[in-house]
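Written below as structure tokens is the structure these notes are about.
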Amino acid sequence: MDLLPLLIVDGANVVGSVPDGWWKDRRGAAERLRDRLAERGGPVEGPYPGPYEIVLVLEGRARGVTAVPGVRIEEASGSGDDLIAELARNAEGRPCLVVTADRELRRRVEESGANCVGPRALP
Numbered sequence: 767m768d769l770l771p772l773l774i775v776d777g778a779n780v781v782g783s784v785p786d787g788w789w790k791d792r793r794g795a796a797e798r799l800r801d802r803l804a805e806r807g808g809p810v811e812g813p814y815p816g817p818y819e820i821v822l823v824l825e826g827r828a829r830g831v832t833a834v835p836g837v838r839i840e841e842a843s844g845s846g847d848d849l850i851a852e853l854a855r856n857a858e859g860r861p862c863l864v865v866t867a868d869r870e871l872r873r874r875v876e877e878s879g880a881n882c883v884g885p886r887a888l889p
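The numbering of the sequence shown is our numbering, which starts it at 767 and goes up by one.
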């Protein structure tokens with residue numbers, strides 16, 4: 767059985783890319799992103815067709831969001847970027863796509879063989 771491509775979403779970066787008042791309720795904004803990912807299943811563009819195994823990485827005040835079917839939550843105890851880079855490194859040869867606009871994080875995960883798309887790739 768082939769493993770699904772791994773989709774890792776930089777929750778803080780994606781939520782922060784839209785100035786919709788997310789800073790007033792970071793957990794609520796993360797929950798809305800989680801629900802959107804669960805409903806739509808991944809990006810509208812990228813090198814791998816879906817479906818995906820979706821991992822939403824959260825940090826800071828967005829922690830405490832629970833997983834839902836189709837979206838696993840990983841909480842960073844420190845830097846969310848470090849956890850995302852680690853998850854991409856540990857993808858064990860399976861296709862891995864990271865959603866972030868953070869240039870340094872993109873460089874780090876691309877060094878481990880992952881591909882990247884920006885937040886606008888998510889519907």
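A virtual CB, placed ideally from N, CA and C, is assigned to each residue, including glycine.
Judged by DSSP in its simplified three-state form, Asp786 adopts coil rather than helix or strand. When secondary structure is reduced to three states using DSSP, Leu888 falls in the coil class, being assigned neither helix nor strand. In the three-state scheme derived from DSSP, where H, G and I count as helix and E and B as strand, Asp776 is classed as strand. Nearest Cα to Glu805 within the set Gly836, Ala778, Gly777 and Leu849: Gly836. Per the Cβ contact rule, the region 818–828 is not in contact with the region 869–884 (fewer than 3 Cβ pairs under 8 Å).
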